[in-house]
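Colleague: Numbering-wise (the UniProt record's numbering), the sequence shown opens with residue 1 and increments by one.
First the structure, then my questions, so here it is.
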Amino acid sequence: MDGLEARELAYFVAVAEELNFSRAAQRLGIAQPPLSRTIKQLERRLGVLLLERTSRKVTLTAAGQVLLHEGRRALEGLAAAARRAQRAGQEDHRLVLVTKAVGDGGMLPEILAAYESEPEAIAVDVLFCGFGEQAALLRGGFADVGLLHGRPDLTGLDSEDLLVEGQVVILPARHRLAGRAAVTLADLDGEVMPRWAGLLQDDAEGPEVRDAGQLMQLIAMGRTVAILPESARGYLGGDVVCVPVLDAPPTTMMIAWPEQSRSPALAAFVRVAAGVAARRGKGD
């Protein structure tokens with residue numbers, strides 16, 4: 001069997017996501033008959049039924065569900081490869097670092113300063129993103145390296161742990177717990193916690209938050225409180241306070257990059273970041 005074509009995958013993914021040939025054709029900007037023919041040809045080539053069709057609906061078979069999952073990844077990989085190639089071909093090649101605004105553990109200025117002295121160093125652009133977006137931007141070819149917290153999906157990425165931090169709760173300055181030296185998770189029972197955009201959370205019912213600025217404003221307004229890494233202390237304004245949460249599990253900051261990268265500039269950046277983190281850990 002010949003390899004799958006990107007066009008075939010794109011057509012199938014559109015139908016599988018819409019579960020309607022007419023809507024999929026409209027989305028792709030093509031007529032419905034050639035779309036239907038392509039899907040049938042694809043099923044014949046694979047030797048499996050991908051879609052169950054009736055007069056009322058279209059549903060995915062088990063094989064179709066697998067191809068939808070793998071097809072999405074393949075199409076995303078092709079798009080990412082094109083972006084990386086385009087960026088690598090630019091005369092002014094730069095390293096793009098992605099992080100959320102309060103997600104560098106307070107180490108980024110030191111990392112950037114140390115990196116400048118590396119023989120392989122190139123200019124670094126810092127791309128600030130919303131919560132939980134770093135891994136997707138790395139996989140999509142929009143960035144070369146990222147600083148991440150928690151337990152993100154690292155599919156397609158290599159990573160190295162940099163820093164383990166305790167956690168603090170960020171509260172409005174007039175909150176009932178604002179004057180405490182420390183709190184426990186039990187003290188926070190009943191508090192409204194934010195929902196992080198793009199992340200699944202079963203227990204959060206507060207406002208959806210996309211970036212640090214929005215989060216701090218919502219906290220100052222008394223709409224929510226949030227548990228963040230201890231290094232977030234350095235980004236607080238006067239209308240919010242932070243209090244250590246004694247029994248909150250530690251959180252890990254890591255550096256991540258696309259797997260199988262061969263960039264000397266990227267390797268130097270990862271090495272420098274690990275060195276800065278190691279010195280921080282020793283209290284230097």
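Cβ atoms here follow ideal geometry from the backbone N, Cα and C, with glycine treated the same way.
From the DSSP output, in three-state form, read off M1 for me.
Modeller: Low per-residue confidence applies at M1: pLDDT is 47, beneath 50, and the placement is therefore not dependable, though the value from the model is reported in the following sentence. In the structure shown, M1 sits in coil (DSSP, three-state: anything other than H, G, I, E or B).
Colleague: As a quick exercise: from K100, P264, D239 and I227, pick the residue whose alpha carbon is nearest that of T251.
Modeller: Checked all of K100, P264, D239 and I227; the closest Cα to T251 is I227.
Colleague: Do L19 and L28 have their CB atoms nearer than 9 Å?
Modeller: Not a contact, by the Cβ cut-off of 9 Å.
Colleague: By how many angstroms is the C-alpha of E133 removed from the C-alpha of S55?
Modeller: Approximately 40 Å, taken between the alpha carbons.
Colleague: Measuring only the C-alpha atoms, how far is R159 from I255?
Modeller: Per the sequence presented here, residue 159 reads as Ser, with Arg not at that position. Rounded to whole angstroms, S159 to I255 spans 6 Å at the Cα level.
Colleague: Check the C-beta distance from L127 over to V98 and give it rounded, since I have them as a contact under 8 Å.
Modeller: Indeed they touch by this definition, with Cβ atoms about 5 Å apart.
Colleague: For R195, does the three-state DSSP call read helix, strand or coil?
Modeller: In this structure, R195 counts as strand in the three-state DSSP scheme.
Colleague: For the beta strand (DSSP E) containing R271, list its first residue and its last residue.
Modeller: Careful: R271 lies outside any beta strand (DSSP E), inside the alpha helix (DSSP H) at P264 to G281.
Colleague: What's the C-alpha gap between E76 and L177?
Modeller: So the alpha carbons of these two residues sit roughly 46 Å apart.
Colleague: In this structure, how does DSSP classify F142 when only helix, strand and coil are distinguished?
Modeller: Reduced to three states, the DSSP call for F142 is coil.
Colleague: Locate the alpha helix (DSSP H) running through V183, then write down its first and last residues.
Modeller: Looking at the DSSP string, V183 is not in any alpha helix (DSSP H), and its letter there is neither H nor E.
Colleague: Across the stretch 145-159 and the stretch 211-224, are there enough close Cβ pairs to call them in contact, namely three or more that are closer than 8 Å?
Modeller: Not touching, per the Cβ criterion.
Colleague: So, V124 versus L95, is the Cβ gap smaller than 9 Å?
Modeller: A contact, by the Cβ cut-off of 9 Å.
Colleague: Tell me, to the nearest whole angstrom, how far the beta carbon of C242 is from that of V168; I am working on the premise that it is less than 8 Å.
Modeller: That belief holds up - the Cβ atoms of C242 and V168 are roughly 4 Å apart, short of 8 Å.
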